[in-house]
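S.K.: The structure under discussion is supplied below as structure tokens; questions concerning it will follow.
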Amino acid sequence: MKSFFLKQRYLIDFTLSSLLRRSGKNIGLLLVYTLIVFMLASVMLFTHALRNEAGHVLAESPEIILQRMIAGRHDLIPGGYLEKIGQVRGVMEKHGRLWGYFFDPAIKANYTLMVPRDRSLGEGEIVVGAGIARTRGVGIGDILSFRSADSRTFSFRVMDILQSDSELVSSDLILLSEAQFRDFFGIPEGFYTDLVLRVRNPKELRTIAEKLTLKLPDTRPILRDEIMRTYDSIFSWRQGIVFILMAGAILAFVIFAWDKASGLSAEERKEIGILKAIGWETADVIRMKFWEGFIISISAFLLGYLLAYLHVFYASAGLFESVLKGWAVLYPEFQPIPYIDGLQVATLFFFTVFPYTVATIIPIWRAAITDPDTVMR
Amino acid sequence: MLFSPSIMALVLVSATVSLLILMAAAFALQVTLRWDIHSGSERQLQLERRTYLISTIVAYSFTAELVALLLFIYNAEQMSSQFVGAMCATGVLNINEFGWPTLYLKMAVFFAGAVWLMLNYADNRAYDYPLIKIKYGLLLLIAPLVVAELLVQVSYFSALDPDIITSCCGSLFTPEGEGVAAEVSGVEPATALYALAGSGVSILITGGWFLVRGRGAVAFAALNSIGFFVALIAIVSMIALYVYEHPHHHCPFCILKGGHEFIGYYLYIPLFLSTAFGLGAGVIAPFAKYPSLQQIIKADSRRYVTAALMLMLCFYLVAGFAVGTSSLTMMEVWW
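Following this line, the structure appears as structure tokens:
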């Protein structure tokens, strides 16, 4: 056993020095390899961070959202529906929500207006998200004016700016009082945008949703789990699309690796010839070449992954942001939470190291079977 | 079809490995027909040179398959959040009829590959390659398995439909149900424990006997394989329950979750490796009759049996640890 390890150690030692002797050629390969790993790893780390963020955001959201549908479109729901639902076993709490969108022509962006339940705001007072404050250049105490649905001008004083851990949702948010909201959008008293229900036991969700559709046939219940599942699928789907787009790059890399491995210089051939002449076997040469590939792969992989990590978690993934997140004027700035997942690393390994290894097997073998006398002559 | 990167990676690996193994199989056919170690012809020389390529290809392929097996299970575990009703890998494997066959085929390829590599390793060091026709014949048998795995896996992934409501482990691994999973869950914990202890002792005895006397490798391999199934049954029927600290949850996949400190991996990895080494020792042992292989096989099988015993011990220690540190007490109920 010990001799086995010693042998590998000497082989690695030899390989390293031979790699360093031809540093120019190998650095080129290393650069391309690192770039491939970097691109794929960035996409993976970033989508994972987005997925995590979505999960965090939704963790606090209500279990069931009930929307009224008219002619297949989402419509205002009468507050009377809360009484119609009555007592459903398993529902801890139910209430109506008021929220809507508002297009601000000044910066050509959509805001989300909402009536908070945990905060009471007076006449003409609003709280804005950090994205709005940034884009409109307002601070606490400043005035924002909007034109309402019936063309009246409303002036609001900014009381506070939302400093949420998750800017992804609060960036374009404006909070205001219920009376102001109804007045601004012209929503009659007793109507809500939708109803929310809180349910403690997740196993009862489906049954409760079923009861709701029976009691209120013109509504549709939306479960939080469903939203989460959709986000999960959508993000992994987007990631998959980016990967497919990158398949061309991976293929080019494989061809490049094949070419590099098969285009042995006369000097390298001579080296292998001498090694074989002094007693190395074909299997030893293959082993040496294996270590060569291993060293290059592991360096490129670690380097690429490290760069991707810095890119995603410290530079907010500047290169891929708009593709993976979608885009808008009021873009939230957020710092993804650093996280490394074993599944990702294994997947990345199969997208980079595995194709490289397969592409080099045959060239390596070709090099290893060369006869010493033909190359040394 | 779900375009998740892990699924694409798994399909990529299976497709590449199938291609490589088919290449190797074509060569294996040539070898079984035309190999003649005593000939000095150009063709024989070419064949001899090519064996190096094939050994390398097969070794790389099976290593990739091993990692892919782990990735497959881990991926199934992760995807459980995307399917209604699935709570762990069981639900995801249950989505269509190809899920479980894919897993079984992957396991079969893993064991077949491990045995082939051990056979190849022994044969390559003998000067006259006495097993060359046997091992390449074996490769011809393994190739269809690898291709089948690719096809079944592609069918499985392409038929993954997020709208399907699948059943979770709780409904599959329950003694009241039907099918193998239910039968296994229905095994009395006491029976499973005695069987596990019995198989452990018998493996230890045959292994020790082999190390002292150098005989009985085939018996060791057979007992080790039986021990593998006994261990799987024991996990479902008893060990898992102690991990979950719940007397009715029999799932063999939930133990892989982070919530249980990934203890499943510490159980399954030694168990699978031990069985692979045990099988390898049993398969190569009969070939000690070739004079050029006698010493090599003697040394190899000793090493494999030792490795198998050590890994089996790891499995038993982890299982014992899981049961011992569990807060579940079933003293009056089961024992």
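Line by line, the protein sequences give chains S and L. Adding 1171 to a residue's 1-based position in the first sequence gives its number in the numbering used here. Adding 137 to a residue's 1-based position in the second sequence gives its number in the numbering used here. Even glycine gets a Cβ: it sits at the ideal position worked out from N, Cα and C.
From the beta carbon of residue 194(L), is the nearest beta carbon of chain S less than 8 Å away?
M.R.: Taking the second sequence and counting its residues from 1, the one referred to as residue 194(L) is at position 57. So, interface residue.
S.K.: Give the single residue among 288(L), 203(L), 145(L) and 291(L) whose Cα lies nearest to the Cα of residue 106(L).
M.R.: Because chain L is modelled from 138 through 472, residue 106(L) falls outside the range shown and cannot be assessed.
S.K.: With a cut-off of 8 Å, does the C-beta of residue 444(L) fall near any C-beta of chain S?
M.R.: As a working mapping, residue 444(L) is identified with position 307 in the second sequence. No, no contact with chain S.
S.K.: Pull out every residue of the segment 160 to 190 of chain L whose Cβ sits closer than 9 Å to any Cβ of chain S, in chain order.
M.R.: Residues passing the 9 Å Cβ filter: 186, 187, 189 and 190.
S.K.: What span of residues does the alpha helix (DSSP H) with residue 1186(S) cover, start to end?
M.R.: Numbered from its first residue, the first sequence carries residue 1186(S) at position 15. Residues 1173 to 1192.
S.K.: Roughly how many angstroms lie between the CA atoms of residue 1380(S) and residue 1239(S), to the nearest whole one?
M.R.: Here the question's residue 1380(S) lines up with position 209 in the first sequence. Here the question's residue 1239(S) lines up with position 68 in the first sequence. Each residue's Cα considered, the two are about 14 Å apart.
S.K.: Tell me the DSSP secondary structure of residue 1281(S) in three-state form.
M.R.: Residue 1281(S) sits at position 110 when you count from the first residue of the first sequence. It is a strand residue.
S.K.: Just list the alpha helix (DSSP H) runs in the segment 234 to 317 of chain L, keeping only unbroken ones of 4 residues or longer that don't cross its boundaries, in chain order.
M.R.: The segment 234 to 317 of chain L contains these whole alpha helix (DSSP H) runs: 236 to 261, 269 to 295 and 306 to 309.
S.K.: For residue 1187(S), which residues in the same chain have their Cβ closer than 8 Å to its Cβ, ignoring the five residues on either side in sequence?
M.R.: The residue labelled residue 1187(S) in the question sits at position 16 within the first sequence. Taken in chain order, the residues that qualify are 1466.
S.K.: For residue 1238(S), write down the residues that DSSP places opposite it in a beta bridge.
M.R.: Counted from its first residue, the first sequence places residue 1238(S) at position 67. For residue 1238(S), which the question treats as bridged, DSSP gives the partners 1391(S).
S.K.: Going by DSSP in three states, residue 1268(S) sits in which element: helix, strand or coil?
M.R.: Taking the first residue of the first sequence as 1, we reach residue 1268(S) at position 97. Residue state, collapsed to three classes: strand.
S.K.: Closest Cβ-Cβ distance between residue 264(L) and chain S: below 8 Å?
M.R.: Here residue 264(L) refers to the residue found at position 127 when the second sequence is read from its first residue. Chain S, which has no Cβ nearer than 8 Å to the Cβ of residue 264(L), makes this no.
S.K.: Since residue 1314(S) is in the alpha helix (DSSP H), which residue starts that stretch and which ends it?
M.R.: Here residue 1314(S) is taken as the residue at index 143 of the first sequence, counted from 1. Segment 1314 to 1318 is the beta strand (DSSP E) holding residue 1314(S); no alpha helix (DSSP H) there.
S.K.: List, in order along the chain, the chain S residues whose C-beta lies closer than 8 Å to that of residue 215(L)?
M.R.: Position 78 of the second sequence, counted from the first residue, corresponds to residue 215(L). 1514, listed in chain order.
S.K.: Pull out every residue of the segment 1212 to 1238 of chain S whose Cβ sits closer than 7 Å to any Cβ of chain L, in chain order.
M.R.: Taking 7 Å as the Cβ-Cβ cut-off against chain L, the residues of the segment 1212 to 1238 of chain S that qualify are 1215.
S.K.: On a Cα-Cα basis, can you pick out the residue from 1235(S), 1408(S) and 1459(S) that is closest to residue 1396(S)?
M.R.: One-based indexing of the first sequence puts residue 1396(S) at position 225. Ranking the options by Cα distance to residue 1396(S), first place goes to 1235(S).
S.K.: On the CB-based measure, 16 or more other CB atoms within 10 Å of its CB, does residue 1373(S) come out buried or exposed?
M.R.: Taking the first residue of the first sequence as position 1, residue 1373(S) is located at position 202. Exposed.
S.K.: With distance defined between alpha-carbon atoms, name the residue in 1286(S), 1438(S) and 1412(S) nearest to residue 1192(S).
M.R.: Mapped onto the first sequence, residue 1192(S) falls at position 21. Here the closest residue by C-alpha is 1438(S).
S.K.: Take residue 1194(S) and list the residues in its own chain whose beta-carbon comes closer than 7 Å to its own, dropping the five residues that flank it on each side.
M.R.: The sequence position of residue 1194(S) within the first sequence is 23, counting from 1. Nothing listed; no residue qualifies.
S.K.: What is the DSSP secondary structure of residue 1465(S), counted as helix, strand or coil?
M.R.: Against the first sequence, residue 1465(S) aligns to sequence position 294. Helix, per DSSP.
S.K.: Whole-angstrom Cβ separation of residue 377(L) and residue 388(L), contact assumed at under 8 Å?
M.R.: The sequence position of residue 377(L) within the second sequence is 240, counting from 1. The sequence position of residue 388(L) within the second sequence is 251, counting from 1. About 6 Å; that satisfies the 8 Å criterion.
S.K.: Tell me the DSSP bridge mates of residue 1363(S)?
M.R.: Working through the first sequence from its first residue, we reach residue 1363(S) at position 192. DSSP lists 1248(S) as partners of residue 1363(S).
S.K.: In three-state DSSP terms, what is residue 1330(S)?
M.R.: For the purposes of this step, residue 1330(S) is taken as the residue at position 159 of the first sequence. Correct three-state label for residue 1330(S): strand.
S.K.: Could you have a look at residue 1300(S) and say whether DSSP puts it in helix, strand or coil?
M.R.: In the first sequence, counting from the first residue as 1, residue 1300(S) sits at position 129. Strand.
S.K.: Check each candidate in 1262(S), 1363(S) and 1263(S) and name the one with the smallest Cα separation from residue 1285(S).
M.R.: Locating residue 1285(S) in the first sequence gives position 114, where the first residue counts as 1. Answer by Cα proximity: 1363(S).
S.K.: Taking 7 Å as the cut-off, does the CB of residue 1282(S) come closer than this to any heavy atom belonging to the ligand FAD?
M.R.: This structure lacks the ligand FAD, and indeed carries no ligand of any kind.
S.K.: Taking the alpha helix (DSSP H) that residue 230(L) belongs to, which residues open and close that run?
M.R.: Within the second sequence, numbered from 1, the residue matching residue 230(L) stands at position 93. It spans 226 to 230 - the alpha helix (DSSP H) in which residue 230(L) sits, taken as one unbroken run.
S.K.: For a test of the three-state rule: what should DSSP assign to residue 1325(S), helix, strand or coil?
M.R.: Numbered from 1 along the first sequence, position 154 holds the residue referred to as residue 1325(S). Correct three-state label for residue 1325(S): strand.
S.K.: Along chain L, which residues have their Cβ under 7 Å away from the Cβ of residue 1536(S)?
M.R.: Here residue 1536(S) refers to the residue found at position 365 when the first sequence is read from its first residue. 189, 190 and 193, listed in chain order.
S.K.: What is the DSSP secondary structure of residue 1259(S), counted as helix, strand or coil?
M.R.: As a first step, residue 1259(S) must be located in the first sequence, where it is residue number 88. In the structure shown, residue 1259(S) sits in coil (DSSP, three-state: anything other than H, G, I, E or B).
S.K.: Between which two residues does the alpha helix (DSSP H) containing residue 1519(S) stretch?
M.R.: As a position in the first sequence, residue 1519(S) is number 348, starting the count at 1. Where residue 1519(S) is concerned, the enclosing alpha helix (DSSP H) stretches over 1513 to 1539.
S.K.: Per DSSP, which residues does residue 1275(S) bridge with? Please list them.
M.R.: Stepping through the first sequence from its first residue, residue 1275(S) is reached at position 104. According to DSSP, residue 1275(S) bridges with 1280(S).
S.K.: Could you check where the beta strand (DSSP E) with residue 1344(S) kicks off and where it finishes?
M.R.: The residue given as residue 1344(S) occupies position 173 in the first sequence. It spans 1344 to 1346 - the beta strand (DSSP E) in which residue 1344(S) sits, taken as one unbroken run.
S.K.: Report yes or no: is there a C-beta of chain S within less than 8 Å of the C-beta of residue 447(L)?
M.R.: Position 310 of the second sequence, counting from 1, holds the residue named residue 447(L). With 8 Å as the cut-off, residue 447(L) does not count as an interface residue toward chain S.
S.K.: Should the segment 1213 to 1225 of chain S be regarded as contacting the segment 1476 to 1486 of chain S, the criterion being three or more beta carbon pairs within less than 8 Å?
M.R.: Short answer: they touch.
S.K.: Using DSSP's beta-bridge definition, name the partner residues of residue 1369(S).
M.R.: Numbered from its first residue, the first sequence carries residue 1369(S) at position 198. The partner list for residue 1369(S) (beta bridge, DSSP) reads 1264(S).
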